[in-house]
Amino acid sequence: EPEVTQTPSHQVTQMGQEVILRCVPISNHLYFYWYRQILGQKVEFLVSFYNNEISEKSEIFDDQFSVERPDGSNFTLKIRSTKLEDSAMYFCASRLLAGSNNEQFFGPGTRLTVL
Amino acid sequence: GNSVTQMEGPVTLSEEAFLTINCTYTATGYPSLFWYVQYPGEGLQLLLKATKADDKGSNKGFEATYRKETTSFHLEKGSVQVSDSAVYFCALSVLQAAGNKLTFGGGTRVLVKP
Numbered sequence: 194e195p196e197v198t199q200t201p202s203h204q205v206t207q208m209g210q211e212v213i214l215r216c217v218p219i220s221n222h223l224y225f226y227w228y229r230q231i232l233g234q235k236v237e238f239l240v241s242f243y244n245n246e247i248s249e250k251s252e253i254f255d256d257q258f259s260v261e262r263p264d265g266s267n268f269t270l271k272i273r274s275t276k277l278e279d280s281a282m283y284f285c286a287s288r289l290l291a292g293s294n295n296e297q298f299f300g301p302g303t304r305l306t307v308l
Numbered sequence: 108g109n110s111v112t113q114m115e116g117p118v119t120l121s122e123e124a125f126l127t128i129n130c131t132y133t134a135t136g137y138p139s140l141f142w143y144v145q146y147p148g149e150g151l152q153l154l155l156k157a158t159k160a161d162d163k164g165s166n167k168g169f170e171a172t173y174r175k176e177t178t179s180f181h182l183e184k185g186s187v188q189v190s191d192s193a194v195y196f197c198a199l200s201v202l203q204a205a206g207n208k209l210t211f212g213g214g215t216r217v218l219v220k221p
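Sequence order for the protein chains is A and B. Numbering-wise (our numbering), the first sequence opens with residue 194 and increments by one. Numbering-wise (our numbering), the second sequence opens with residue 108 and increments by one.
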């Protein structure tokens, strides 16, 4: 069964450093998402991406964040200058088509620890 | 805006006990409702969904009914197993042009003891 994959599973970085979290969505999916979950808190939407552009972003997704689909298979989330409060589990998801009937498939997550 | 409220955990049960996790929502527009499950060390998996009022979603013995009048989508299972130990998330999505983001509740950790 096709699945969403994410690398690395755990990333440790120093405050102020740039990190890139990588995701490989399911191959024929068209909509891509990043969510995050700070430890003990709810899963929060960050950004959605369709047709090579951001379709929606949350207040969390400020200028420090960017997303890219560089090669037609990977979908990356870049944090330009990490802060302590960026420590969280980051989930990538993909969906085949639009519409609430259509399931979002989630990856296993990348745990980001900012020291 | 959209929001989801679910009961806080942890919920600790014995095997074969009845499980209920309450979930209520507020939404602008007509939402679809979901339950996701997160097993230890894994990502989020869709457990069940319902897209309109009075629909019942079901999977793996779990059920939830979309109640528009009470804005609720409570999750139930009649007889839990140890393997049901996980974190359960209620979520909604409202059809819109911008991509149907999911809005999640805070999650409920369920621990089933043998």
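The beta-carbon is built from N, C-alpha and C at its ideal position, and this holds for glycine as well. Everything numeric in this text was worked out from a predicted model, so none of it was measured.
Worksheet item: Going along the segment 182-213 of chain B in order, which residues come within less than 9 Å of chain A, judged by CB to CB distance?
Response: Phe-196, Ala-198, Leu-199, Ser-200, Val-201, Leu-202, Gln-203, Ala-204, Ala-205, Gly-206, Asn-207, Lys-208, Leu-209, Thr-210, Phe-211, Gly-212 and Gly-213
Discussion item. Which residues in chain B have a C-beta closer than 8 Å to the C-beta of Phe-258/A? List them in chain order.
Written reply: Position 65 of the first sequence holds residue 258/A. What Phe-258/A touches in chain B: nothing, since even the nearest Cβ is about 15 Å away.
Item to complete: Decide if the segment 278-286 of chain A is in contact with the segment 194-214 of chain A; the criterion is three or more beta carbon pairs, one per stretch, under 8 Å apart.
Response: yes
Discussion item. So, at 6 Å on beta carbons, what are the nonlocal neighbours of Tyr-224/A in its own chain, with the 5 sequence-adjacent residues on each side left out?
Written reply: Indexing the first sequence from 1 puts residue 224/A at position 31. Result list for Tyr-224/A: Tyr-243 and Arg-288, in chain order.
Worksheet item: Do Tyr-143/B and Leu-154/B have their C-beta atoms within less than 8 Å of each other?
Response: Within the second sequence, numbered from 1, the residue matching residue 143/B stands at position 36. Within the second sequence, numbered from 1, the residue matching residue 154/B stands at position 47. For Tyr-143/B and Leu-154/B, yes; Cβs fall inside 8 Å.
Fill in: Cβ neighbour criterion (16 or more within 10 Å) applied to Ser-274/A
Here the question's residue 274/A lines up with position 81 in the first sequence. Classification of Ser-274/A: exposed, given that the 10 Å Cβ count is below 16.
Worksheet entry | Element boundaries [beta strand (DSSP E), containing Met-282/A] | Residue numbering aside, residue 282/A sits at position 89 when the first sequence is read from its first letter. Note, Met-282/A: beta strand (DSSP E), 281-288.
Fill in: Beta-carbon neighbours of Tyr-283/A, restricted to chain B and to distances below 8 Å
Locating residue 283/A in the first sequence gives position 90, counting from the first residue. Under the 8 Å cutoff, chain B gives no residues; its nearest Cβ is about 11 Å from Tyr-283/A.
Worksheet entry | Residue burial classification, Gln-145/B (beta-carbon count within 10 angstroms, cutoff 16) | As a position in the second sequence, residue 145/B is number 38, starting the count at 1. Burial call: buried.
Worksheet entry | Whole-Å CB distance - Val-219/B paired with Glu-149/B, under 8 Å assumed | As a working note, residue 219/B is residue 112 in the second sequence. As a working note, residue 149/B is residue 42 in the second sequence. Not quite, the Cβ-Cβ distance comes to about 17 Å (not below 8 Å), so this is no contact.
Discussion item. For Gln-257/A and Lys-235/A, what's the separation of their Cα atoms in angstroms?
Written reply: The residue labelled residue 257/A in the question sits at position 64 within the first sequence. The residue labelled residue 235/A in the question sits at position 42 within the first sequence. Their Cα atoms are separated by approximately 21 Å.
Worksheet item: Is the shortest distance between the beta-carbon of Val-297/A and the beta-carbons of chain B less than 8 Å?
Response: Sequence index remark: in the first sequence, residue 297/A carries index 104 (1-based). Looking at the sequence itself, residue 297/A is Gln, so the reference to Val does not match. Answer yes: the Cβ-Cβ gap between Gln-297/A and chain B drops below 8 Å somewhere.
Worksheet item: Helix, strand or coil for Val-197/A per DSSP?
Response: Taking the first residue of the first sequence as 1, we reach residue 197/A at position 4. DSSP places Val-197/A in coil when its eight states are reduced to three.
Worksheet item: Where does Leu-209/B fall in DSSP's three states?
Response: Your numbering for residue 209/B matches position 102 in the second sequence. Residue state, collapsed to three classes: coil.
Discussion item. Threshold first: 3 residues or longer. Then list the beta strand (DSSP E) segments lying entirely within the segment 196-279 of chain A, N to C.
Written reply: 198-200, 203-206, 212-217, 224-230, 236-243, 246-250, 258-261 and 268-272
Worksheet item: With a CB to CB cut of under 6 Å and the five nearest residues on each side skipped, what residues in its chain are close to Ser-248/A?
Response: If you number the first sequence from 1, residue 248/A lands on position 55. The answer, listed in chain order, is Ser-241.
Discussion item. Which residue wins for smallest C-alpha separation from Val-197/A, given the options Gln-207/A, Arg-262/A, Cys-216/A and Gln-204/A?
Written reply: If you number the first sequence from 1, residue 197/A lands on position 4. When each option's Cα is compared against that of Val-197/A, the closest is Cys-216/A.
Practice prompt. Specify, as a first and last residue, the run of the beta strand (DSSP E) that Lys-184/B falls within.
Written response: Here residue 184/B is taken as the residue at index 77 of the second sequence, counted from 1. Note, Lys-184/B: beta strand (DSSP E), 182-184.
Worksheet item: Counting only beta-carbon atoms, is Pro-201/A nearer than 8 Å to chain B?
Response: Here the question's residue 201/A lines up with position 8 in the first sequence. It does not; no Cβ of chain B falls within 8 Å.
Discussion item. Applying the 10 Å Cβ sphere with the 16-neighbour rule, what's the burial state of Gly-164/B?
Written reply: Reading the second sequence from its first residue, position 57 is the one you call residue 164/B. Buried, because 16 or more other Cβ atoms sit within 10 Å of the Cβ of Gly-164/B.
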